[in-house]
Amino acid sequence: MPRRRVVATLGILLVAALAVTAFTDAARSGEGQAARASLTLIAPAAAGGGWDLVAREGQQAMRTGNIVNTVQVVNIPGAAGTIGLNQLAGLTGQGTTMMVTGTVMLGGISQSGSAISMQDTTPIARLAEDFEVIAVPAESPFRTFDDFVQAWAANPAAVPIGGGSAGGIDHMVAAQMAQAAGVPVETVQYTAHAGGGELTLSLLSTAAGTVGVGISGYNDFADLVDSGQLRVLAVVAPERLAGIDAPTMTELGLPEVDLVNWRGLVAPQGITDAQRTELEQIVREMVATESWSEAVERNRWVRSEIYGEDFEEFLVEEQGRIDALLEELGL
Amino acid sequence: MEQLSNLIGGFGDILSPSALLFVLIGALLGTAVGVLPGLGSAMAVALLLPLTFVLEPTNALIMFTGIYFGGLFGDSISGILMNTPGNSTAIASAFEGYRMAQSGRAAQALATAAIGAFIGGTVASVLVVFFAPTLAELATGFGPAEFFALAVLAFIAISAVVTDSAVRGLAALAIGLVLAMIGIDQPTGTARFSFGSSALLDGIPIVVITVSLLALGEVFHQAAKASGSGTQDTVLPSGRPWLSGSEFRAALPAWLRGTGYGLPFGVIPAGGAEVPTFLSYGTERRLDRRRAKPMFGRGAIQGVAGPEAAGNATAGTAMGALLALGLPTSATAALLLAAFQQYGLQPGPLLLERSGDIVWPLLAGFFLAMVVLLILNLPFAPLWAQLLRVPKSYLYAGIAVFASFGVYAAGASIIDLVIMLVIGVLGLAMRLYDIPIAPVLIAVILGPLAEYSLRDAMANSENDPAVLVSSPITIGLYVLLLAGLGFAAWRRVAERRRADV
Amino acid sequence: MMSEVPSDRAATTGRPRPRPAHLSKGALVVPAVLVVLGIFLVVGTATMDVVGEGGLFGPTVMPWAVAAICFVVAVFLAVDILRPRPEYDPAFGAGSRAATDSSDGSYEAGPDTVNAPAVGTAIGGVVVFIAVLPWLGWILSATLLFTAVAIALGNRKFVTCLLAGLALASVIQIVFSGLLGISLPAGFVGGF
Chain A
1 MPRRRVVATL
11 GILLVAALAV
21 TAFTDAARSG
31 EGQAARASLT
41 LIAPAAAGGG
51 WDLVAREGQQ
61 AMRTGNIVNT
71 VQVVNIPGAA
81 GTIGLNQLAG
91 LTGQGTTMMV
101 TGTVMLGGIS
111 QSGSAISMQD
121 TTPIARLAED
131 FEVIAVPAES
141 PFRTFDDFVQ
151 AWAANPAAVP
161 IGGGSAGGID
171 HMVAAQMAQA
181 AGVPVETVQY
191 TAHAGGGELT
201 LSLLSTAAGT
211 VGVGISGYND
221 FADLVDSGQL
231 RVLAVVAPER
241 LAGIDAPTMT
251 ELGLPEVDLV
261 NWRGLVAPQG
271 ITDAQRTELE
281 QIVREMVATE
291 SWSEAVERNR
301 WVRSEIYGED
311 FEEFLVEEQG
321 RIDALLEELG
331 L
Chain B
332 MEQLSNLIGG
342 FGDILSPSAL
352 LFVLIGALLG
362 TAVGVLPGLG
372 SAMAVALLLP
382 LTFVLEPTNA
392 LIMFTGIYFG
402 GLFGDSISGI
412 LMNTPGNSTA
422 IASAFEGYRM
432 AQSGRAAQAL
442 ATAAIGAFIG
452 GTVASVLVVF
462 FAPTLAELAT
472 GFGPAEFFAL
482 AVLAFIAISA
492 VVTDSAVRGL
502 AALAIGLVLA
512 MIGIDQPTGT
522 ARFSFGSSAL
532 LDGIPIVVIT
542 VSLLALGEVF
552 HQAAKASGSG
562 TQDTVLPSGR
572 PWLSGSEFRA
582 ALPAWLRGTG
592 YGLPFGVIPA
602 GGAEVPTFLS
612 YGTERRLDRR
622 RAKPMFGRGA
632 IQGVAGPEAA
642 GNATAGTAMG
652 ALLALGLPTS
662 ATAALLLAAF
672 QQYGLQPGPL
682 LLERSGDIVW
692 PLLAGFFLAM
702 VVLLILNLPF
712 APLWAQLLRV
722 PKSYLYAGIA
732 VFASFGVYAA
742 GASIIDLVIM
752 LVIGVLGLAM
762 RLYDIPIAPV
772 LIAVILGPLA
782 EYSLRDAMAN
792 SENDPAVLVS
802 SPITIGLYVL
812 LLAGLGFAAW
822 RRVAERRRAD
832 V
Chain C
833 MMSEVPSDRA
843 ATTGRPRPRP
853 AHLSKGALVV
863 PAVLVVLGIF
873 LVVGTATMDV
883 VGEGGLFGPT
893 VMPWAVAAIC
903 FVVAVFLAVD
913 ILRPRPEYDP
923 AFGAGSRAAT
933 DSSDGSYEAG
943 PDTVNAPAVG
953 TAIGGVVVFI
963 AVLPWLGWIL
973 SATLLFTAVA
983 IALGNRKFVT
993 CLLAGLALAS
1003 VIQIVFSGLL
1013 GISLPAGFVG
1023 GF
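Sequences listed follow chains A, B and C, in order.
Last residue of the first sequence? That's 331 in this note's numbering, and every number before it is there in order.
Last residue of the second sequence? That's 832 in this note's numbering, and every number before it is there in order.
Last residue of the third sequence? That's 1024 in this note's numbering, and every number before it is there in order.
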């Protein structure tokens, strides 16, 4: 049956062609290449999360700036990023991978008592930070931060405070405020929300059992503040933020409330100095692109670039602070 | 009717050949990613976001709506054909849809799903255009007590109808509750049942549970039933390609009821689109029992029509909530928010005032995307159905490969694959010994919602149980629940009497 | 897939039939799973390292409740499975041990028979897939998985199976890794 044979031959040829293409792709995506050719950014959060955004903005900046040929983002969600950290720690010596990290991951490391820490990575750079704000709905009885602190100190259980995940940056800021304001940290009634959207809605909701005070990054609240539905009582930042008429914690006499939400990039441990320098250079070029500047502005980040050794020292110091804080919180 | 003229203006901006091309490309890409289990619409948007960056705003946004809604149309296709829903919102329509496909009505099931998605999405878009601010108001009436009432209502309403044997249904429900409790406890951050494994800290993703139980469990079950004679049998002929008049008439009320369920849920940031799809499934099944010839369990067209319309109606109003309040209530919405901001759009109460010139074309794009997807999906339904002509052994081998791919791609984790295997074997055991699978998925979705909202409600009100019944919404929901239970009891007594005579 | 439990009423007429699978002794696997899950919850909750105070309903309340549900349902389900069913068991031996055993014997030959070698092949295919994925990479591992499942379902054209699996795995690699940038394990191929 010649016709069957023809069909069979064509089929095998087709499969062979597919397989060759696929293997080429696999070989290309595999390790063992220069970071300039193919770079992997690990976002230790699900698609749509804050770290995912950093990774994807970075990917975009590297692409449009022709800094790296192919950049792929891999999402490894879970447990405040520590699952991604565990995977990164296993990629020893791979100079073609970087992972997004930030304040929340240090909290996650401290909280899970994980054996793997930032010591098991090669710090590359801190990129940007954004600032936490304390907001209340427009009809809230708290006109000023002092109104809130008075009511809070009188009966902490009656003033539920909302924010992101338990042990996350919002929770830690709540703990710092409690310490500074003389409220016993263990009496703080903190309600964790799945995201900024849920928190905002909980603030706006008139239903019973929702929170009356919210802590989150300014970006989550910005538009509702502009429209007058939310009021910012205070910002956790060294200086006042453009466009918000609210005092800083230092102005309020609570300078010890100072946690900022920074994001950075780390590479696996055990990479060569040359690889480390190359990654650092890639990041320097990335943050210089117009695409990155737009991303910073759009997401209301504030640039806070530090590299290499400086970043490493910063990480050690920050981890120590956060460990102490979380211990206080009983987390 | 200022909105109407604005909307027409929006259509004027986008009805060009290039815009049509972009919406078409978006729809095709979105459908392709949506079809795959594990890659939900959030992943579709994340993956395809960079594509839109290089385009000019209107074309990019319009391509984007194509991707977004394409993912929603696509996720039921794999559910119906292979019992492997692309996303958790397509679980409910997969139950009856897969049975329809197994009885030679795959094309009709796909057409029903496509039309349902179209109706749900379109009605929701109309609501968004005219009432977005009002919808946003609705959301502010909800708090944890309301969510708890909703979860309890959904539990009872759905569980009562998805199984005939109470003890078997409860067994499945218990399994689901256990699976849902693994991982970090949201209110306190306590690690529950992870036994020191960091991979379990974040719990077992719903998509892993869904794909394992439905797809892999089915593959194993097919192996268990394999005759071993080596025949190359196909599942069945794909049958007649179009919906008949009577099928259309049967599906129409289900589409509308499903849409009704879906609309309010988009603005409520809890439970997602799964709750209304299951509620719709439960309602259709209950209604079906009163018919002279019940079809549920054998491929009831209403069982596809209702949930599919509900799912898309939810997605539509969720988009409305995002635009009107700027609240990203899901991962997909958060990504959309990022995309909007890319073009200087800041969703929120001031959106329409500030950037009407870009929002109206976007809203018009919803309708355009919906129409394009319907046109794409109806003729493709019989084509997709041809997939079932593939010999069974190859079809299920393909399902196993796709399921593994989806589970791996969602988390890049080998542990997820091991969990998939274990739950897949559990799925086989449940199939062999007639334990229903739907309650497992219901418990996985509603269990955490019920638990966390109850705890939040109590903790935030100084443990005053009165908070649970303190609002008209909660009282209304519980009254509905009691009325439903009373009615069911009355019917059971009445039926028994009839049977005795 | 949800399956309907056949109505008992319908079965009362006609001669006794063998017990269906879901009422056989094998079905006791399900209550056993529930008991195991219950023990899992009890152990996990008792050893839980509770963070903070957690309020009135801490993180342990729901686990205790669900553990209780698991045990209670397991007992009821076991009773439901084992209880005598005159419609299935021979009428004279209703409820006796012997009758149950004989119905078990006839069930072996019934339509519910499980093709154990096929199930083993399919499950084994997934196990091997997971084990070799990091080393062989996606393309070859998925090809093996495809072939194993196809063979389990009765296909005996080994070469065609391998080729079809290779084609599918390659298409997935090209589309999702090549075009969309999802990372799939490259395995040893990546070393080049």
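For every residue, glycine included, the Cβ atom is placed at its ideal position computed from N, Cα and C.
Cα separation between residue i and residue j?
i                          : j                         : result
alanine 128 of chain A     : leucine 351 of chain B    : 39 Å
threonine 932 of chain C   : glutamine 189 of chain A  : A caution first: threonine 932 of chain C carries a pLDDT of 39, below 50, which makes its placement in the model unreliable, though a value can still be read off. Rounded to whole angstroms, threonine 932 of chain C to glutamine 189 of chain A spans 59 Å at the Cα level.
valine 232 of chain A      : proline 160 of chain A    : 17 Å
arginine 915 of chain C    : alanine 557 of chain B    : 30 Å
valine 266 of chain A      : aspartate 120 of chain A  : 10 Å
arginine 284 of chain A    : asparagine 261 of chain A : 21 Å
glutamate 940 of chain C   : serine 856 of chain C     : The predicted model places glutamate 940 of chain C with a pLDDT of 37, which falls under 50 and marks its position as unreliable; any figure quoted below should be read in that light. Approximately 10 Å, taken between the alpha carbons.
aspartate 688 of chain B   : proline 388 of chain B    : 11 Å
isoleucine 1006 of chain C : isoleucine 411 of chain B : 26 Å
valine 958 of chain C      : cysteine 993 of chain C   : 16 Å
glutamine 281 of chain A   : serine 1015 of chain C    : 24 Å
leucine 279 of chain A     : glutamate 256 of chain A  : 35 Å
tyrosine 311 of chain B    : tryptophan 896 of chain C : This structure does not reach residue 311 of chain B, given that chain B is present from 332 up to 832, and the question cannot be answered.
Would the beta-carbon of residue i fall within 7 Å of that of residue j?
i                         : j                        : result
alanine 125 of chain A    : glycine 264 of chain A   : yes
alanine 207 of chain A    : glutamine 517 of chain B : no
isoleucine 750 of chain B : leucine 544 of chain B   : no
alanine 788 of chain B    : glycine 209 of chain A   : yes
alanine 80 of chain A     : methionine 98 of chain A : no
proline 779 of chain B    : alanine 511 of chain B   : yes
valine 598 of chain B     : alanine 652 of chain B   : yes
serine 202 of chain A     : glycine 164 of chain A   : no
alanine 982 of chain C    : alanine 825 of chain B   : no
proline 475 of chain B    : serine 784 of chain B    : yes
alanine 497 of chain B    : valine 951 of chain C    : no
threonine 82 of chain A   : glycine 108 of chain A   : yes
glycine 452 of chain B    : glycine 647 of chain B   : yes
Does residue i have its Cβ less than 7 Å from a Cβ in chain B?
i                        : result
alanine 324 of chain A   : no
isoleucine 76 of chain A : yes
leucine 972 of chain C   : no
glycine 90 of chain A    : no
threonine 206 of chain A : yes
alanine 982 of chain C   : yes
alanine 963 of chain C   : no
With 7 Å as the threshold, decide whether the Cβ of residue i is near any Cβ in chain C.
i                       : result
tyrosine 783 of chain B : no
leucine 127 of chain A  : no
glutamine 72 of chain A : yes
Taking only beta-carbon positions, decide if residue i is within less than 7 Å of chain A.
i                            : result
alanine 1018 of chain C      : yes
isoleucine 1006 of chain C   : yes
aspartate 688 of chain B     : no
phenylalanine 473 of chain B : yes
serine 801 of chain B        : yes
Quiz item: Which full runs of the alpha helix (DSSP H) of 4+ residues lie inside the stretch 150-196 of chain A, going along the chain?
Solution: Qualifying alpha helix (DSSP H) stretches, in chain order: 169-181.
Self-check item: Cβ-based contacts, 8 Å cut-off: residues of the stretch 984-1004 of chain C near chain B
Solution: Hits within the stretch, in order: Ala984, Leu985, Gly986, Asn987, Arg988, Cys993, Ala996, Gly997, Leu1000, Ala1001, Ile1004.
Exercise. Starting from the N-terminal side, write out each stretch of the beta strand (DSSP E) that is 3 residues or longer and does not extend beyond the stretch 47-77 of chain A.
Key: DSSP runs (the beta strand (DSSP E)) wholly in the stretch 47-77 of chain A: 70-75.
Practice problem: Return the chain-ordered ranges of every alpha helix (DSSP H) run that is complete within the stretch 244-329 of chain A and spans a minimum of 4 residues. | Solution: The stretch 244-329 of chain A is shown to contain whole alpha helix (DSSP H) runs of 4 or more residues at 273-287, 290-298, 308-329, in chain order.
Practice problem: Mind checking the stretch 150-166 of chain A against chain B and listing, in chain order, the residues whose C-beta falls within less than 8 Å of any C-beta there? | Solution: Cβ contacts with chain B: Ala157, Ala158, Pro160, Ser165, Ala166.
Self-check item: Members of the stretch 16-28 of chain A that neighbour chain C once the beta carbon cut-off is set at 7 Å
Solution: Of all residues in the stretch 16-28 of chain A, Leu18, Ala19, Thr21, Ala22, Phe23, Asp25, Ala26, Ala27 have a Cβ within less than 7 Å of some Cβ in chain C.
Quiz item: Using a Cβ cut-off of 9 Å, which residues of the stretch 732-744 of chain B contact any Cβ in chain C, in chain order?
Solution: Within the stretch 732-744 of chain B, the qualifying residues are Val732, Phe733, Ser735, Phe736, Tyr739, Ala740, Ala743.
Quiz item: Mind listing which residues of the stretch 892-907 of chain C have their C-beta closer than 7 Å to chain B's C-betas, in chain order?
Solution: Of all residues in the stretch 892-907 of chain C, Met894, Pro895, Val898, Ile901, Cys902, Val905 have a Cβ within less than 7 Å of some Cβ in chain B.
Quiz prompt | Under 7 Å (Cβ pairs) to chain A, residues found in the stretch 499-517 of chain B | solution = If you check each beta-carbon in the stretch 499-517 of chain B against every beta-carbon of chain A, the ones closer than 7 Å belong to Ile515, Gln517.
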